[in-house]
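Undergrad:
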Amino acid sequence: MIIKAFSNSDALYVFILVAMQISALLVALPVHEWAHAFVAYKQGDSTAKFAGRMTLAPFKHFDLFGFMFLLLFGFGWAKPVPIDERNFKHPTRSGILVALAGVAANFIQGTIFIIISCALTRFFPNYATQWGIYGYALKAFLYYVTVINFVLVFFNILPIYPLDGFRVVETLSSPHNTFVDFMRRYSTIIMFILILLTYVFEIYFQYTAGGTIDGLTWLFTKFFALF
């Protein structure tokens with residue numbers, strides 16, 4: 381076995397990258413599940429609130445496999461929020477709002493961090509080096525939390541059970557819809573195949589999450605250039 385030798389400096393920077401990636405996950409994942417719980421509560425269902433899931437505390441939403449998938453493959457999930465649709469005031473509308481709440485929260489959070497990153501780059505262009513190890517850590521965190529938020533957006537809008545996109549399709553479909561029944565039966569196999577074909581996800585996220593990040597970064601870079 382060949383073990384790559386790291387200097388103390390190399391090891392420190394690797395540790396910072398890993399720590400910032402984990403920190404970004406602990407910021408992006410809880411807001412997704414909290415949004416589901418909060419909107420469900422506002423639509424008349426207190427199930428998640430009474431289960432202690434209407435919170436931003438990371439470990440209330442922790443799912444080991446979903447967390448590891450995000451670290452290893454770049455996409456993953458948190459523990460689903462319990463929802464009882466029978467409590468909704470308006471079943472169809474409420475179901476769609478709850479399903480889309482998570483991706484909306486990640487989109488908003490990701491955009492906020494892009495704004496912060498663009499502002500720092502405009503007013504402190506060399507902060508990543510001038511602020512020493514703290515600047516390096518901050519730049520790494522902003523990168524990871526932005527990417528993870530938008531990956532969560534475009535992963536969860538896929539119409540594959542039990543993702544949010546599927547919930548929207550299911551809510552709008554008639555009972556015993558062929559597509560819905562097929563996805564409920566074979567979604568595990570479909571997801572496993574997609575995981576094996578990792579490059580498919582890489583291309584998908586490159587053009588969706590990556591394209592959105594690039595577009596928003598360009599927009600806010602232009603905005604801050606006015607000051």
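Numbering-wise (my numbering), the sequence shown opens with residue 381 and increments by one. In this text, a Cβ means the ideal position worked out from N, Cα and C, and glycines have one as well.
Does the beta-carbon of K384 have 16 or more other beta-carbons within 10 angstroms, so that it is buried, or is it exposed?
TA: Residue placement at K384 is flagged as unreliable, the pLDDT there being 39, under the threshold of 50; the coordinate-derived value follows with that caveat. That one is exposed.
Undergrad: Excluding five sequence neighbours on each side, which residues of the same chain lie with their C-beta closer than 7 Å to the C-beta of T551?
TA: If we look at T551 and ignore the five residues flanking it on each side, its Cβ neighbours are T472, G475, I476 and A479.
Undergrad: Please classify H412 as buried or exposed, where buried requires at least 16 other C-beta atoms within 10 Å of its C-beta.
TA: Flag for H412 reads buried.
Undergrad: Got a sec, what are the start and stop residues for the alpha helix (DSSP H) L477 sits in?
TA: P471 to F503 is the span of the alpha helix (DSSP H), which, as asked, contains L477.
Undergrad: Please state the DSSP three-state secondary structure of I575.
TA: Three-state DSSP puts I575 in a helix.
Undergrad: Could you give the residue range of the alpha helix (DSSP H) that holds Q510?
TA: Taken as a continuous stretch (DSSP letters only), the alpha helix (DSSP H) holding Q510 covers Y507 to Q510.
Undergrad: My output table needs one value for Y566: the three-state DSSP class, helix, strand or coil.
TA: Looking at Y566 - three-state DSSP - the assignment turns out to be helix.
Undergrad: Expressed to the nearest angstrom, what Euclidean distance is found between the alpha-carbon atoms of K440 and A417?
TA: Straight-line Cα distance between these residues: approximately 12 Å.
Undergrad: Give me the residue from K469, T435 and V560 with the minimum Cα distance to K459.
TA: For the residues K469, T435 and V560, the minimum Cα distance to K459 belongs to T435.
Undergrad: Rank A481, L543, A391 and E582 by C-alpha distance to the C-alpha of T568 and give the top, closest one.
TA: Per the Cα distances, L543.
Undergrad: Buried or exposed for V461, please, with buried defined as at least 16 other CB atoms from any protein chain shown within 10 angstroms of its CB.
TA: V461 comes out buried.
Undergrad: For P438 and W414, what's the separation of their Cα atoms in angstroms?
TA: Taking the straight line from one Cα to the other gives about 10 Å.
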